[in-house]
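Undergrad: Sharing a structure, written as structure tokens. Questions coming.
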Amino acid sequence: MQIHDHGNDSLRFLQFHLGGDRNFHYLIGDPRTGEAAAVDPGFEAEAFAGLADSQGLTIERILITHGHGDHTGAAARLAELTGARIHAGDPAAVPGAVPLADDELIKVGSLIVRALATPGHAPDHFCFLVADALVTGDLLFCGKVGGTGPYFPGSSAEQEYESLMRILKLPPATRVFPGHDYYGGEGTRRHSTIGHERDHNPFLTAGSFGAFCSLKENWAAYKKENGIR
């Protein structure tokens, strides 16, 4: 398993894959106390717990960006293994979860994680902000945005656009950590910044909700024309 550590002296921030469709998983921890939050444990609860142990971290919280199975599938088992409390926008999506509220502040050791309600890709979608790092789930990817339409029951392009406009108000240097490795350009991009996405993501440079929807409808052709995978 490749582990990418994006933290510093005051924040443990581990990004890794455990399965699914290029799903990213995260461990956010307090380096002083070792307390940690697991974000979107969709697969392999035992491996998730083992990684935390190997890093000297104790999972106290499980944070769910949205209730799709590839983001929740291992949450209940991970909670059973660790005793962690699960936080989700829709508690019905994960057995034993407690509901998240918009702008709720969640303590992880001495760290504060802010939960931001960002519906669109799913009605129960949340992003999680800690220090300068924003876990965006399936709202915002590197160079792309989350899907909406019949394939995603309860999704709303209008809500997604509003949610994207909300997170664009964060400082440009805010780091973006998506729920999937869907970058379609050359090389690999595991994370981005709000400023980079604002200036280069075609969905965010579209200029209006109508243009945003038009790009969604014509995304396959746009990708082909622009060499995007």
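Using the numbering used here, you'd call the opening residue of the sequence shown number 1492 and step up by one each time.
For every residue, glycine included, the Cβ atom is placed at its ideal position computed from N, Cα and C.
It should be emphasised that the depicted structure is a prediction, and the values quoted were computed from it without experimental measurement.
By a C-beta neighbour count over all protein chains shown, 10 Å radius and 16 as the cutoff for buried, is V1667 buried or exposed?
TA: Stepping through the sequence shown from its first residue, residue 1667 is reached at position 176. Buried, because 16 or more other Cβ atoms sit within 10 Å of the Cβ of V1667.
Undergrad: What residues are listed by DSSP as bridge partners for F1598?
TA: As a first step, residue 1598 must be located in the sequence shown, where it is residue number 107. According to the sequence as given, residue 1598 is Lys; it is not Phe. Bridge partners of K1598: I1603.
Undergrad: Is the beta carbon of A1575 less than 7 angstroms from the beta carbon of E1551?
TA: One-based indexing of the sequence shown puts residue 1575 at position 84. One-based indexing of the sequence shown puts residue 1551 at position 60. It is a contact, given that the beta carbons lie within the stated cut-off.
Undergrad: Cβ of F1619 within 7 angstroms of Cβ of V1626?
TA: If you number the sequence shown from 1, residue 1619 lands on position 128. If you number the sequence shown from 1, residue 1626 lands on position 135. In contact: F1619 and V1626 (Cβ atoms closer than 7 angstroms).
Undergrad: Does A1528 pass the burial test, meaning 16 or more other C-beta atoms within 10 Å, or should it be called exposed?
TA: As a working mapping, residue 1528 is identified with position 37 in the sequence shown. That one is buried.
Undergrad: With a 10 Å radius around its C-beta and 16 neighbouring C-beta atoms as the bar for buried, classify G1560 as buried or exposed.
TA: As a working note, residue 1560 is residue 69 in the sequence shown. Exposed, because fewer than 16 other Cβ atoms sit within 10 Å of the Cβ of G1560.
Undergrad: Of all the alpha helix (DSSP H) runs that stay within the bounds of the segment 1626-1683, which reach a length of 4 or more residues?
TA: As far as the segment 1626-1683 is concerned, its whole alpha helix (DSSP H) runs of at least 4 residues are 1648-1658.
Undergrad: Tell me whether G1520 sits in a helix, a strand or coil according to DSSP, three-state version.
TA: Here residue 1520 corresponds to residue number 29 of the sequence shown, with the count starting at 1. Note: G1520 maps to strand in three-state DSSP.
Undergrad: Taking 7 angstroms as the limit between beta carbons, can you name the residues of its chain near P1532, skipping five residues before and five after?
TA: Stepping through the sequence shown from its first residue, residue 1532 is reached at position 41. So the list reads H1516, F1539, I1553, A1565, A1566, L1569, once near-sequence residues are dropped.
Undergrad: Would DSSP call R1513 helix, strand or coil?
TA: Mapped onto the sequence shown, residue 1513 falls at position 22. Three-state DSSP puts R1513 in coil, outside helix and strand.
Undergrad: Could you compute how far the alpha carbon of E1571 sits from the alpha carbon of I1597?
TA: Here residue 1571 refers to the residue found at position 80 of the sequence shown. Here residue 1597 refers to the residue found at position 106 of the sequence shown. Roughly 20 angstroms between the two C-alpha positions.
Undergrad: Which first and last residues belong to the alpha helix (DSSP H) in which A1536 is found?
TA: Here residue 1536 refers to the residue found at position 45 when the sequence shown is read from its first residue. Element bounds for A1536: 1536-1545.
Undergrad: So which of G1558, T1573, V1599 has the shortest CA-CA distance to G1520?
TA: Along the sequence shown, read from residue 1 onward, the residue named residue 1520 stands at position 29. It is V1599 whose Cα lies nearest to the Cα of G1520.
Undergrad: Name the DSSP bridge partner or partners of V1530?
TA: Taking the sequence shown and counting its residues from 1, one reaches residue 1530 at position 39. V1530 is bridged to Y1517, L1554.
Undergrad: Taking the DSSP output, what are the residues bridged to D1496?
TA: In the sequence shown, residue 1496 corresponds to position 5, counting from 1. DSSP, once it has assigned bridges, lists L1505 as partnering D1496.
Undergrad: Note down the Cα distance separating N1709 from N1499, rounded to an integer number of angstroms.
TA: On the sequence shown, residue 1709 is found 218 positions in, with the first residue counted as 1. On the sequence shown, residue 1499 is found 8 positions in, with the first residue counted as 1. Each residue's alpha carbon lies about 41 angstroms from the other.
Undergrad: Quick check on the burial criterion: 16 or more other C-beta atoms within 10 angstroms. Buried or exposed for H1558?
TA: Locating residue 1558 in the sequence shown gives position 67, counting from the first residue. One point to set straight first is that residue 1558 is Gly, not His, in the sequence displayed. Counting Cβ neighbours within 10 Å, G1558 comes out buried, since at least 16 surround it.
Undergrad: Name the DSSP bridge partner or partners of R1576?
TA: Taking the sequence shown and counting its residues from 1, one reaches residue 1576 at position 85. Note: R1576 sits in a beta bridge opposite R1552.
Undergrad: With respect to the alpha helix (DSSP H) encompassing F1619, which residues constitute its N-terminal and C-terminal limits?
TA: Taking the first residue of the sequence shown as 1, we reach residue 1619 at position 128. Per DSSP, F1619 belongs to no alpha helix (DSSP H); it is in the beta strand (DSSP E), 1617-1621.
Undergrad: Compute the Euclidean distance between the alpha carbons of A1579 and K1635, then round it to the nearest angstrom.
TA: Along the sequence shown, one-based indexing puts residue 1579 at 88. Along the sequence shown, one-based indexing puts residue 1635 at 144. For A1579 and K1635, the distance between alpha carbons rounds to 24 angstroms.
Undergrad: How is P1582 classed by DSSP in three states: helix, strand or coil?
TA: Residue mapping note: residue 1582 aligns to position 91 of the sequence shown, counting from 1. Looking at P1582 - three-state DSSP - the assignment turns out to be helix.
Undergrad: In this structure, how does DSSP classify A1608 when only helix, strand and coil are distinguished?
TA: Locating residue 1608 in the sequence shown gives position 117, counting from the first residue. Here A1608 sits in strand by DSSP.
Undergrad: For L1706, which residues from the same chain have a beta carbon less than 8 angstroms from its beta carbon, with the 5 sequence-adjacent residues on both sides left out?
TA: Taking the sequence shown and counting its residues from 1, the one referred to as residue 1706 is at position 215. Cβ neighbours of L1706 beyond the five flanking positions: P1693, F1694, A1697, Y1713.
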